[in-house]
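Novice: Okay, handing you the structure first.
Residue numbers (UniProt numbering): 1 to 204.
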């Protein structure tokens, strides 16, 4: 099982992090299989970072084997969706980026990919118009809609499949909108697609 993630896929979030790149293709990075955090288990803040940020994202699950998928056929390769959190050690990421070094350890560390309960895509609506949000301690802190993506889900699936054979059960995190921020011990995170709560866990 692979966890594939897309960076910088919402323009307002790119401004938030002071990225001024004009992207012609999706920005792809990977998370390790040990990154997965599911079933409402708590997220433990690691000792190597003092600035762990949440990044709320729509996540799709691949349902068939695929390679070099044409964009017009990409929708055939997923039929379930949920909301997830791409946890980022922002202080570590900024340090590594400033030094021109790879920054996987700031993104792919253990339990950094929280994922909610998957639902059939037909219950979530049009993949290109899915509203989602995150609440922390009952307050809405981040909100987005897949209609604001720079690269659509189908375009991402097609692009990624040029480089990686997609296999059943692979997850794709499709990018985060504006509004990322830090988490702290005892925070209660709840993620929604529309009004449907699919993610619910605590930070410890």
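Note that beta-carbon positions come from the ideal geometry of N, C-alpha and C, so glycine has one too.
By the DSSP assignment, the beta strand (DSSP E) with residue 122 in it spans what residues?
Specialist: Per DSSP, residue 122 belongs to no beta strand (DSSP E); it is in the alpha helix (DSSP H), 121 to 124.
Novice: Per DSSP, residue 23 forms a beta bridge with which residues?
Specialist: Paired residues: none, contrary to the question.
Novice: What are the boundary residues of the beta strand (DSSP E) that includes residue 192?
Specialist: Looking at the DSSP string, the run of the beta strand (DSSP E) that includes residue 192 is 188 to 193.
Novice: Hey, how far is the Cα of residue 157 from the Cα of residue 36?
Specialist: C-alpha separation (whole angstroms): 20 Å.
Novice: Please report the residue range of the beta strand (DSSP E) in which residue 77 lies.
Specialist: First-last for residue 77: undefined, no H or E at that position.
Novice: Kindly indicate which residue of 202, 4, 192 and 204 has the alpha-carbon position closest to the one of residue 123.
Specialist: Minimum Cα distance to residue 123 is reached at 192.
Novice: Do residue 198 and residue 56 have their C-beta atoms within less than 7 Å of each other?
Specialist: No; because the gap between Cβ atoms is not below 7 Å, this pair is not in contact.
Novice: How is the beta strand (DSSP E) around residue 113 delimited, first residue to last?
Specialist: Residue 113 -> beta strand (DSSP E) spans 113 to 115.
Novice: Name the DSSP bridge partner or partners of residue 97?
Specialist: Answer is none; residue 97 lacks a bridge partner.
Novice: Around the Cβ of residue 52, are there at least 16 other Cβ atoms within 10 angstroms (buried) or fewer (exposed)?
Specialist: Under this definition residue 52 is a buried residue.
Novice: Could you give the DSSP three-state label for residue 92: helix, strand or coil?
Specialist: Residue state, collapsed to three classes: helix.
Novice: Just how far apart, CA to CA, sit residue 92 and residue 99?
Specialist: Cα to Cα, residue 92 sits roughly 11 Å from residue 99.
Novice: According to DSSP, is residue 108 helix, strand or coil?
Specialist: Note: residue 108 maps to coil in three-state DSSP.
Novice: Buried or exposed for residue 154, going by 16 or more other Cβ atoms inside 10 Å?
Specialist: Buried is the call here.
Novice: Using alpha carbons as the reference points, say which of 73, 136, 27 and 88 lies closest to residue 109.
Specialist: That would be 88, whose Cα lies nearest to the Cα of residue 109.
Novice: On a CA-only basis, which of 159, 86 and 201 is nearest residue 72? Give me that one, please.
Specialist: Among 159, 86 and 201, the Cα nearest to that of residue 72 is on 159.
Novice: For residue 67 and residue 80, which I take to be in contact (beta-carbon distance under 8 Å), what is that distance rounded to the nearest angstrom?
Specialist: That belief does not hold up - the Cβ atoms of residue 67 and residue 80 are roughly 20 Å apart, past 8 Å.
Novice: Using a threshold of 7 Å, state whether the C-beta atoms of residue 170 and residue 31 are closer than that.
Specialist: For residue 170 and residue 31, no; Cβs fall outside 7 Å.
Novice: Cutting at 7 Å between CB atoms, please list the residues of its own chain near residue 184, excluding the five before and the five after it.
Specialist: Within the same chain, residue 184 has close Cβ partners 203.
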